[in-house]
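J.:
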Amino acid sequence: MLPSVSFNGQLDSSDQLFSQAPPHVAKGDAEVKVETDFLKPRFTAFITNESELSTLTGIESFKILTTITEIMTTLFGNRLDNHNIQMNIHDRIVMTYFKLKQNLSYSCMAVLCHCYPANQCRKVFYEMIQMLSACLKVVIHLSSRETISRNLPKCFEGFEDTRVVVDCT
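Here it is as structure tokens:
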């Protein structure tokens, strides 16, 4: 029998909560049913292995992703805790690399990441690009123009001014 609630919000004294608890429930424990239909799983939960991570983002391993996340957290700390942003830093990094690798529209990214309207997705992307640039520029080594010119393959004849070729495939 469920306790009845009087108009003032108090339990009627005639009913006792948990007086007839089922045998598998200890006195004082309660069973609660929680509706989770409104909860959306993080889109990164669908990336289950390093091959999928690499295909979607170009990041070769979860270890590299974790390292990038740790560096970002160390450098930017509180700036990453924006209450207007619905994704954690890990998911924002994945979303940014996903956009870089796949070049999907912001509208499509908003649907796939199911977190933002397209304009907010765009803002997060540009903010993350700036932060990632600050974090990762120290790990990217560019050889001098002279070194590159000396080692330029024949297929690059006519492109002597080219310093970097980015392959995002």
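When we follow the numbering used here, the leftmost residue of the sequence shown carries the number -16, and every step to the right adds one. Just so you know, even glycine gets a beta-carbon here, dropped at the ideal spot from N, CA and C.
1. Could you give the first and the last residue of the continuous alpha helix (DSSP H) run that contains residue 99?
2. Buried or exposed for residue 112, going by 16 or more other Cβ atoms inside 10 Å?
3. Take residue 72 and list the residues in its own chain whose beta-carbon comes closer than 7 Å to its own, dropping the five residues that flank it on each side.
4. Could you give the distance in angstroms between the alpha-carbon of residue 143 and the alpha-carbon of residue 150?
5. Return helix, strand or coil for residue 60, following the three-state DSSP convention.
6. Can you give the Cα-Cα distance for residue 107 and residue 75, rounded to whole angstroms?
7. Helix, strand or coil for residue 75, going by three-state DSSP, please let me know.
8. Which residues in the same chain as residue 80 place their Cβ atom closer than 7 Å to its Cβ, once the five residues preceding and following it in sequence are excluded?
9. Nearest-angstrom Cα distance between residue 47 and residue 128?
10. Could you tell me the alpha carbon to alpha carbon distance between residue 148 and residue 26, rounded to whole angstroms?
11. State the CB to CB distance for the pair residue 35 and residue 44, rounded to an integer number of angstroms; the pair is presumed to be in contact (CB under 8 Å).
12. Which residue comes first and which comes last in the alpha helix (DSSP H) that contains residue 133?
13. Locate the alpha helix (DSSP H) running through residue 35, then write down its first and last residues.
14. Classify residue 120: buried if its beta carbon has 16 or more other beta carbons within 10 angstroms, exposed otherwise.
15. DSSP three-state call for residue 44: helix, strand or coil?
16. So, for residue 69: in the same chain, excluding its five sequence neighbours on each side, which residues have a beta-carbon less than 8 Å away from its beta-carbon?
T.: The structure says:
1. Looking at the DSSP string, residue 99 is not in any alpha helix (DSSP H), and its letter there is neither H nor E.
2. exposed
3. 52, 55, 56, 63
4. 18 Å
5. helix
6. 7 Å
7. helix
8. 40, 41, 42
9. 29 Å
10. 31 Å
11. About 12 Å; that fails the 8 Å criterion.
12. 128 to 133
13. 33 to 40
14. exposed
15. coil
16. 98, 99
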